[in-house]
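S.K.: First to last, the sequence lines map onto chains A and B. Residue numbering for the first sequence follows my numbering, beginning at 1 and increasing consecutively. Residue numbering for the second sequence follows my numbering, beginning at 340 and increasing consecutively. Sharing a structure here in structure tokens format.
There are 2 protein chains.
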Amino acid sequence: MKKVTIKDVAKHAGVSIGTVSKVLNDKGYVSSGIYSRVTEAISELNYQVNANARSLKASKTNKVGVIVQDISNPYMMSIAKTIEDKIRPSHYHMLVMSHNEDPHTERELLQLILEQRVDGLVLVPTSGNADMIQKVLDHKIPVILVDRKVEGITTDYIVDDNYYGSYESIAYLHSLGHRRIGVIYGTTNSSIGKERYEGAVDALKHFACSNDEALLVSGKFKAEDAYKATIELLFLPDPPTAIYCCNNTMTVGMLKAIQEQAWRFPEDISIISYGDVNQWELIQPPLTLMTQPLKRIGVEAAIILKNRLTMEEPFPPKQIVIKPELLVRASCARRPEGE
Amino acid sequence: MKKVTIKDVAKHAGVSIGTVSKVLNDKGYVSSGIYSRVTEAISELNYQVNANARSLKASKTNKVGVIVQDISNPYMMSIAKTIEDKIRPSHYHMLVMSHNEDPHTERELLQLILEQRVDGLVLVPTSGNADMIQKVLDHKIPVILVDRKVEGITTDYIVDDNYYGSYESIAYLHSLGHRRIGVIYGTTNSSIGKERYEGAVDALKHFACSNDEALLVSGKFKAEDAYKATIELLFLPDPPTAIYCCNNTMTVGMLKAIQEQAWRFPEDISIISYGDVNQWELIQPPLTLMTQPLKRIGVEAAIILKNRLTMEEPFPPKQIVIKPELLVRASCARRPEGE
DNA sequence: TAATGGCTGTGAAACGTTTTACTATGTTTT
DNA sequence: AAAACATAGTAAAACGTTTCACAGCCATTA
């Protein structure tokens with residue numbers, strides 16, 4: 001089957017190219033006779049408009065870029081899904097890609113985004129490409145940061161209040177009487193990791209909990225490292241009575257270690273995690289959680305994006321910080337005071 | 340910042356457009372002096388080539404479409420990730436979208452794919468758009484079906500042997516001595532649902548298990564319906580000694596019901612599921628599973644796609660059927676024979 | 001009757017590239 | 001010194017659209 005262009009349709013219908021275009025876009029005056037002649041020709045020739053040519057002419061692509069750490073991460077993709085649902089009715093579609101937490105990869109992807117002339121970008125940034133992000137903004141492409149912000153960049157973002165979430169998690173454990181609290185943190189080179197770490201540390205200090213350095217261990221945001229970190233905590237001469245784990249991925253590792261060592265929670269140890277609630281459906285007893293409102297993040301991001309895409313007038317950057325909420329379930333036990 | 344085109348670069352560097360193009364594509368003869376003048380102009384003006392114009396000229400977009408049920412489904416997206424990793428080195432990128440199991444939506448997406456002139460398509464099809472898929476193929480766009488095939492369409496596909504997987508699951512339960520086996524199946528209007536259903540039913544018949552109709556219940560491929568289905572099974576006057584659940588999503592519902600009713604497995608009831616192994620990391624005791632080789636599906640799909648994209652000569656459709664493997668763990672118990 | 005105005009359709013320019021055929025230089029080779 | 005060749009750069013066509021200015025026509029209106 002040969003490639004068929006608007007020209008072929010025009011010839012086949014015996015009209016000019018301009019007329020066919022009018023029919024395609026329902027613009028201007030076309031008599032009903034001609035109109036049906038053209039639509040007939042279109043379906044007979046099985047013509048499909050070439051979106052590339054169209055975008056070129058219009059300098060508008062109806063594409064938005066979505067760059068996340070990892071497209072197989074269901075939390076990020078649930079946000080992407082929300083966005084998809086919001087923008088598809090206006091005939092936008094998404095380019096989605098993973099930077100795998102590698103700034104160099106992210107840089108290449110941003111380059112691609114620029115070349116592709118997307119109409120907007122939703123980005124979960126690594127740190128270290130502020131210049132490139134600024135470049136995208138300079139090209140008048142709206143950028144919406146999700147989950148993390150970037151130092152020195154003024155644009156829309158939507159993040160949750162990590163410091164607060166961590167602080168309150170510790171506060172809760174303290175309120176139950178815990179004084180020796182283990183913390184499995186991620187890394188401190190990302191804004192999220194740092195904020196959660198600091199929130200926890202500040203709370204520990206404020207509530208005068210044990211300042212035993214051995215209680216602070218890094219799980220590097222990975223399940224395996226968190227597993228090892230947990231083992232360390234459990235085998236301490238004086239193990240913690242509670243553990244706060246800074247994110248869900250690491251919590252998987254932590255739970256594995258606890259299961260394996262046949263500790264029970266909350267009887268032997270109290271645990272609390274920080275993240276999305278959906279991951280833990282089948283875990284018994286149900287985990288007490290500082291809940292990250294993923295649904296809400298997706299919805300807000302989608303709204304902002306939609307507005308950026310459709311509003312004529314630019315509006316000031318929308319920067320949203322969502323406070324996570326403590327979901328008290330059954331994984332933390334009260335501890336006799338004064339111990 | 341104004342839009343800057345190849346023309347501006349040419350002017351700024353004092354050369355012709357053609358020369359700039361040569362530099363951009365490293366093609367033809369350019370003296371080193373001119374070359375650096377041009378690259379300098381490019382970075383001074385912050386020029387980015389317009390991929391749309393380029394695609395238009397080349398009639399090649401470096402885009403591939405990826406259409407799945409739901410982009411927030413981690414199993415599908417782990418396949419997508421494998422594909423991404425494989426094709427990005429050759430500077431391809433992906434349009435990804437969800438049809439939500441709705442044929443009408445799928446049709447619209449296929450239309451979009453056609454207009455976008457993608458260079459290839461990876462599709463988890465619904466049933467009911469064979470004509471449209473054929474249209475895509477007619478436009479010389481390679482289509483790779485994943486997880487499901489489509490009646491009447493000759494193209495690459497890669498699926499697992501659902502009938503076999505179901506049959507063998509039942510066979511395994513039978514070999515442990517089970518005779519009253521409950522089956523939670525999905526729906527029978529999709530090829531997967533049908534094949535799994537038939538595999539199970541045929542095995543039940545072949546091994547002369549109980550043919551009590553009440554033991555066959557539909558969970559409609561949803562967790563909630565599977566929950567209800569499980570409750571029905573458990574409250575039967577003569578409940579099954581084992582349950583085979585046809586997919587992971589439904590198994591979530593099944594496990595919930597079992598937990599809630601405080602049945603223990605494998606002591607009170609044996610259970611076996613069909614799906615990807617990664618979902619069940621933390622479930623104790625570890626589930627016995629007919630494992631769907633998602634990794635392998637992704638890898639094979641990526642290889643086929645890559646070949647279709649790069650090979651000059653067309654090759655015959657590659658149709659792969661993968662046999663799932665039984666992973667025996669701890670959720671099934673031996674049953675005294677003859678009961 | 002002449003002027004106005006609403007329809008209907010057309011031709012050509014423009015969007016930003018790549019590519020092809022061509023010209024203009026040296027530099028060797030005979 | 002002429003012929004041959006390698007190198008360097010250019011102008012223009014083409015890719016498939018949309019849009020804009022215009023022209024033809026018919027029906028009103030003055």
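Cβ atoms here follow ideal geometry from the backbone N, Cα and C, with glycine treated the same way.
Would you tell me roughly how many angstroms separate the C-alpha atoms of Pro428(B) and Lys645(B), rounded to the nearest one?
M.R.: 11 angstroms
S.K.: Quick one, which of Val348(B), Gln631(B), Gly637(B), Asp607(B) has its alpha-carbon nearest Arg674(B)'s?
M.R.: Asp607(B)
S.K.: Go ahead and label Thr493(B) buried or exposed: buried means 16 or more other beta carbons lie within 10 angstroms of its beta carbon, across all protein chains shown.
M.R.: With fewer than 16 other Cβ atoms within 10 Å, it is exposed.
S.K.: Give the residues from the region 422-434 of chain B that approach chain A closer than 9 angstroms (Cβ to any Cβ), ordered along the chain.
M.R.: Glu423, Asp424, Arg427, His430, His432, Met433, Leu434
S.K.: Could you tell me the distance, in whole angstroms, from the CA atom of Glu339(A) to the CA atom of Glu224(A)?
M.R.: Any answer about Glu339(A) is weak, because its pLDDT of 46 lies below 50 and its placement is not dependable; what the coordinates show is given next. Between Glu339(A) and Glu224(A), the C-alpha separation is close to 32 angstroms.
S.K.: Use the C-beta contact count for Ser508(B): other C-beta atoms within 10 angstroms, 16 or more gives buried, fewer gives exposed.
M.R.: buried
S.K.: According to the neighbour-count rule (16 or more other Cβ atoms, all chains shown, within 10 Å of its Cβ), is Ala13(A) buried or exposed?
M.R.: buried
S.K.: I'd like the list of long-range same chain contacts for Met699(B), defined as Cβ closer than 6 angstroms, with 5 residues on each side in sequence excluded.
M.R.: Since the displayed chain B opens at 340 and closes at 678, residue 699(B) lies outside it and no answer follows.
S.K.: Helix, strand or coil for Ser375(B) per DSSP?
M.R.: helix
S.K.: So which residues of chain B does Asp70(A) contact, with C-beta pairs closer than 8 angstroms?
M.R.: Lys420
S.K.: Do we get a CB-CB distance below 7 angstroms when we pair Leu255(A) with the residues of chain B?
M.R.: yes
S.K.: Given that Arg329(A) touches chain B, what residues does it touch there, using C-beta distances under 9 angstroms?
M.R.: Here the premise fails: no neighbours, minimum Cβ distance about 14 angstroms.
S.K.: I'd like to know if Val38(A) contacts chain B, where contact means its C-beta is closer than 7 angstroms to some C-beta of that chain.
M.R.: no
S.K.: What in chain A is Cβ-close to Gln387(B), meaning under 7 angstroms?
M.R.: Leu114, Glu115
S.K.: When we look at the beta-carbon of Ala669(B) and count the other beta-carbons within 10 Å, is it buried (16 or more) or exposed?
M.R.: exposed
S.K.: Tell me Tyr274(A)'s beta-bridge partners as DSSP assigns them.
M.R.: Per DSSP, the beta-bridge partners of Tyr274(A) are Met290(A).
S.K.: Check the Cβ of Asn189(A) against every Cβ in chain B and list those closer than 9 angstroms, keeping chain order.
M.R.: By Cβ distance, chain B contributes nothing, its closest Cβ being about 24 angstroms from Asn189(A), past 9 angstroms.
S.K.: DSSP three-state label for Lys7(A), please.
M.R.: helix
S.K.: With distance defined between alpha-carbon atoms, name the residue in Pro103(A), Tyr244(A), Val64(A) nearest to Ser190(A).
M.R.: Pro103(A)
S.K.: Just the Cα atoms here: how many angstroms apart are Glu101(A) and Ile87(A)?
M.R.: Each residue's alpha carbon lies about 26 angstroms from the other.
S.K.: Is Glu423(B) helix, strand or coil by DSSP?
M.R.: In this structure, Glu423(B) counts as helix in the three-state DSSP scheme.
S.K.: Give me the DSSP bridge partner(s) of Ile319(A).
M.R.: The sequence given here has Gln at residue 319(A), not Ile. According to DSSP, Gln319(A) bridges with Tyr157(A).
S.K.: Going by the C-beta, is Ser514(B) closer than 6 angstroms to any heavy atom of the ligand ADP?
M.R.: As presented, the structure is devoid of all ligands, the ligand ADP included, so that no description of it is given.
S.K.: Short check: CB of Ser411(B) to CB of Lys295(A), under 7 angstroms?
M.R.: no
S.K.: Please list the partners that Thr61(A) has in chain B, where partner means a Cβ-to-Cβ separation under 7 angstroms.
M.R.: Asn391
S.K.: Is it buried or exposed for Ile356(B), if we count other Cβ within 10 angstroms and need 16 for buried?
M.R.: A residue is called buried when at least 16 other Cβ atoms come within 10 angstroms of its Cβ; Ile356(B) does not meet this threshold and is exposed.
S.K.: Output, in chain order, the set of chain A residues within a Cβ distance shorter than 7 angstroms of Ser417(B).
M.R.: Ser72
S.K.: With a cut-off of 8 angstroms on the beta carbons, I'd call Ala242(A) and Leu173(A) a contact; round off their distance for me.
M.R.: 5 angstroms
S.K.: Using a Cβ cut-off of 7 angstroms (strictly closer), state whether Leu326(A) contacts chain B.
M.R.: no
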